[in-house]
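For reference, the structure is listed below as structure tokens.
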Amino acid sequence: MTRVLVVDDEPQIVRALRINLAARGYQVLTAYDGTAALKVAAEGKPDVVVLDLGLPDLDGTEVIAGLRGWTTVPILVLSARTDSSDKVQALDAGADDYVTKPFGMDELLARLRAAVRRAAQPQDAGEAVVDAGAFTVDLAAKRVHRDGAEVHLTPTEWGVLEVLVRNRGRLVSQKQLLQEVWGPAYATETHYLRVYLAQLRRKLEPEPARPRHLLTEAGMGYRFEA
């Protein structure tokens with residue numbers, strides 16, 4: 001049974017999540033502040049954490065940092081903070097995904113299931129060739145093919161695509177993508193990403209204006225879906 005730790009200081013939200021999760025076969029652990037969350041996580045060893053940022057004692061990013069000190073458990077942030085800087089800060093601290101309040105229960109549960117699935121995949125069992133349907137990415141050979149023909153990518157385009165594909169299904173923050181491809185000095189140059197994602201979509205997406213594989217999470221980052 002998958003164990004979910006729900007951390008929120010709003011009792012009605014904790015209750016709603018506990019009822020919905022339990023009805024779907026999850027074991028639910030709860031905490032109403034950051035200190036309790038870290039204690040429950042250490043003792044209960046949850047498989048996934050649903051975390052509010054606005055806690056009464058610790059900021060949610062401090063809880064994320066505390067968890068990341070010893071565990072890689074998926075962390076799904078559930079917060080009323082809508083400012084992009086808050087989202088980026090949480091993702092950079094180590095969160096895996098971010099859902100804004102008010103939220104749809106179906107979307108939250110779908111994202112939770114996806115986080116659990118990704119965590120269950122062995123980290124050393126990554127595919128060398130990723131088939132997105134419209135195109136294939138060979139991570140070992142560093143080549144991309146579409147409609148049977150190789151697609152020429154610049155080194156920077158490949159760098160962006162490689163980071164996203166290696167993190168497929170997971171939200172990659174703007175800062176992480178910039179640092180991995182361009183280096184720490186470029187951590188705020190978000191316009192680079194808009195330019196290169198547009199170029200990649202033109203080369204790879206069947207409908208560049210309606211991408212299905214190279215997705216933008218507004219104000220947060222990008223996600224690759226096969």
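Just so we're aligned: 139 in the UniProt record's numbering is position 139 of the sequence shown, and the numbers increase by one with no gaps anywhere. Quick reminder that beta carbons are idealized off the backbone N, C-alpha and C, glycines included.
Item, Value
"How far does the beta strand (DSSP E) with T136 in it extend, from its first residue to its last?", "T136 to D138"
"Output the distance between the C-alpha atoms of M220 and G25, rounded to the nearest integer angstrom.", "31 angstroms"
"Using three-state DSSP, classify D97 as helix, strand or coil.", "strand"
"Is T82 buried or exposed, if buried means 16 or more other CB atoms sit within 10 Å of its CB?", "exposed"
"To test your reading of the DSSP string, which unbroken beta strand (DSSP E) runs of 3 or more residues are found completely within the UniProt domain \"Response regulatory\" (3 to 116)?", "3 to 7, 27 to 31, 48 to 51, 75 to 79 and 97 to 100"
"Can at least three beta-carbon pairs, one atom from the region 149 to 160 and one from the region 175 to 183, be found at a separation below 8 angstroms?", "yes"
"Classify H152: buried if its beta carbon has 16 or more other beta carbons within 10 angstroms, exposed otherwise.", "exposed"
"Given this structure, state the Cα-to-Cα distance separating D147 from L108, to the nearest angstrom.", "35 angstroms"
"Would you call Q123 buried or exposed, if buried means 16 or more other Cβ atoms sit within 10 Å of its Cβ?", "Because the pLDDT at Q123 is just 46, under 50, the model does not fix this residue reliably, and the value given afterwards should be weighed accordingly. By the neighbour-count rule (16 or more Cβ atoms within 10 Å), Q123 is not buried but exposed."
"Please list the terminal residues of the continuous beta strand (DSSP E) segment that includes Y222.", "G221 to F224"
"In terms of residues, what are the limits of the beta strand (DSSP E) holding L216?", "Per the sequence shown, the amino acid found at residue 216 is Thr instead of Leu. Its beta strand (DSSP E) spans residues L214 to E217."
"Which residue comes first and which comes last in the alpha helix (DSSP H) that contains V165?", "P155 to R166"
"What are the boundary residues of the beta strand (DSSP E) that H145 is part of?", "R143 to R146"
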